[in-house]
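**Q**
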Amino acid sequence: MKKISLVAASLIAGISFNLNAATVAVLNGKNISDTEVGEFFAPMLRGQNFTNLPQDQKKALIQQYIAQELVLQDAKKQNLEKDPLYAKELEKAKEGILLAVYQEKILNSVKVDESKVKAFYEQNKDKYVQQARVQARHILVSSEKEATSIINELKNLKGEALLKKFSSLAKEKSIDTGSASQGGELGWFDQSTMVKPFTDAAFSLKNGEITKTPIKTNFGYHVILKENSQPKKQISFNEVKQGIENGLKFEEFKKIMAQKTQDLINQAKVEYK
């Protein structure tokens, strides 16, 4: 039963052909596509689309993929495919793939009635709630004086002019390197995401407004621009239907696998030495 975890691999083992794949690098004359990189890192990305990742994250993953390809090319140059250890490991891999296919066939045979999916949603409706959230940018500096100076540069601006200037100052002055290159953009976040002083300030602002005084946290002094906001809302059944169905399907699969394994054990002649 400990190999049941291999089902995770089986779910991503399918071969796909993408005629729109874009070349993201050329390694020793071989084109590397975004599809190749995305499929390789699929388990780590957990449903995220590689092509939708921020540019710096995509570049980091491409570099990791290239590093692995170089090691693989070196292994082939050394004729390691003829090494006895390779043959031994290959047989193990074949067994793992066979088990994954076996499990995937069982998983694909499991059907979940929509009424069960709907009932699960209704019974757990309180869990399917999107908390109130805001979309904001920030400029982080090390001194209150510098933060105040930035606020003074921005305080008479509004709309697109404010956004443009704020983005420019974030790129120039912010010590938060992760967001500085994006013009201070932090995206959407709820009240549990950021440290309390930052969250309190961001949520108290009106859309399109900046903080009137620097906000101090253990990271430094922040100037915050609130771009947008959304109230707390109930996530609809259609938005989570597929996820619930997959979860119920996998729970049923585990029960079937446990029973099937027990049946096989009962039918087998096992002698413990």
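Going left to right, the sequence shown walks through residues -21 to -1, 1 to 252 as mature numbering (1 follows the signal peptide of the UniProt record, and there is no 0) numbers them.
Idealized CB from N, CA, C, for every residue including glycine.
1) I believe Q110 touches K211 by the beta-carbon criterion, under 8 angstroms. Please report the beta-carbon distance rounded to the nearest angstrom.
2) So, for L59: in the same chain, excluding its five sequence neighbours on each side, which residues have a beta-carbon less than 6 angstroms away from its beta-carbon?
3) Does the separation of the CB atoms of P193 and A126 fall below 9 angstroms?
4) What's the C-alpha gap between Q241 and I45?
5) If you reduce the DSSP assignment to three classes, tell me which class T190 lands in.
6) Out of curiosity, what's the CA-to-CA distance linking K239 and N225?
7) Have a look at the DSSP bridge pairing and note the partners of D169.
8) Would you check if the distance between the CB atom of Q47 and the CB atom of F19 is smaller than 9 angstroms?
9) Look at the alpha carbon of S88 and the alpha carbon of F232, and state the distance between them as a whole number of angstroms.
10) Given D155, which residues of its chain have a CB within under 6 angstroms of its CB, disregarding the five upstream and five downstream residues?
11) For my contact list, S183 and G162 are in at a C-beta cut-off of 8 angstroms; report their separation, rounded to the angstrom.
12) For K124, which option in Y200, L78, K252 has the closest C-alpha, if you only look at C-alpha atoms?
13) So what does DSSP say about G199, is it helix, strand or coil?
14) In this structure, what does DSSP give as the bridge partners for E164?
15) Jot down the residue ranges of each uninterrupted alpha helix (DSSP H) in the stretch 4 to 66, minimum 4 residues, whole runs only, in chain order.
16) Considering just the uninterrupted stretch of the alpha helix (DSSP H) at Y100, what are its terminal residues?
17) Which whole-angstrom value describes the C-beta separation of D13 and A21, a residue pair presumed to lie in contact below a C-beta threshold of 8 angstroms?
18) Report yes if the CB atom of A228 is closer than 9 angstroms to the CB atom of V80, and no otherwise.
19) Please determine, among I203, L148, K220, the residue with the shortest C-alpha to C-alpha distance to G166.
20) Taking only three categories from DSSP, how would you classify N135?
21) With distances taken Cα to Cα, identify the nearest neighbour of S160 among S171, L148, K195, Q170.
22) Which of the three DSSP states, helix, strand or coil, is assigned to K212?
23) With 16 other CB atoms within 10 Å as the buried threshold, where does G222 fall?
24) T178 to N207, Cα distance in whole Å?
25) Within a Cβ cutoff of 7 angstroms, which residues of the same chain sit near I244, ignoring the five residues on either side of it in sequence?
26) Using the Cα positions of L24 and I85, report the straight-line distance between them to the nearest angstrom.
**A** In short, the structure shows the following:
1) Yes, Q110 and K211 are in contact; Cβ-Cβ is about 6 angstroms, under 8 angstroms.
2) Excluding sequence neighbours, L59 sits near Y65.
3) Yes, Cβ-Cβ distance for P193 and A126 is below 9 angstroms.
4) The C-alpha of Q241 lies about 44 angstroms from the C-alpha of I45.
5) Collapsing the DSSP output to three states places T190 in coil.
6) CA-CA distance, K239 to N225, rounds to 21 angstroms.
7) Beta-bridge partners assigned by DSSP to D169: R112.
8) Between Q47 and F19, the C-beta spacing is below 9 angstroms.
9) Approximately 9 angstroms, taken between the alpha carbons.
10) Contacts found: L119.
11) Between S183 and G162 a beta carbon distance of about 22 angstroms is seen, past the 8 angstroms cut, so the two are scored as non-contacting.
12) When each option's Cα is compared against that of K124, the closest is Y200.
13) Under the three-state reduction of DSSP, G199 is assigned to strand.
14) Paired residue(s): R116.
15) Those alpha helix (DSSP H) runs which fall completely within the stretch 4 to 66 and span 4+ residues are 13 to 19, 21 to 24, 34 to 56.
16) Segment 93 to 102, the alpha helix (DSSP H) holding Y100.
17) Your pair D13 and A21 does not check out as a contact, with CB atoms roughly 12 angstroms apart and the cut at 8 angstroms.
18) Note that residue 228 corresponds to Lys in the displayed sequence, not to Ala. No, Cβ-Cβ distance for K228 and V80 is not below 9 angstroms.
19) When only C-alpha atoms are compared, the closest one is I203.
20) N135 sits in coil when the DSSP states are folded into three classes, being neither helix nor strand.
21) For the residues S171, L148, K195, Q170, the minimum Cα distance to S160 belongs to L148.
22) DSSP places K212 in strand when its eight states are reduced to three.
23) G222 comes out exposed.
24) Going by C-alpha positions, T178 is about 14 angstroms away from N207.
25) Excluding sequence positions up to five before and after I244, its CB lies less than 7 angstroms from no other CB in the same chain.
26) Across the structure, L24 and I85 are spaced so that their CA atoms are roughly 25 angstroms apart.
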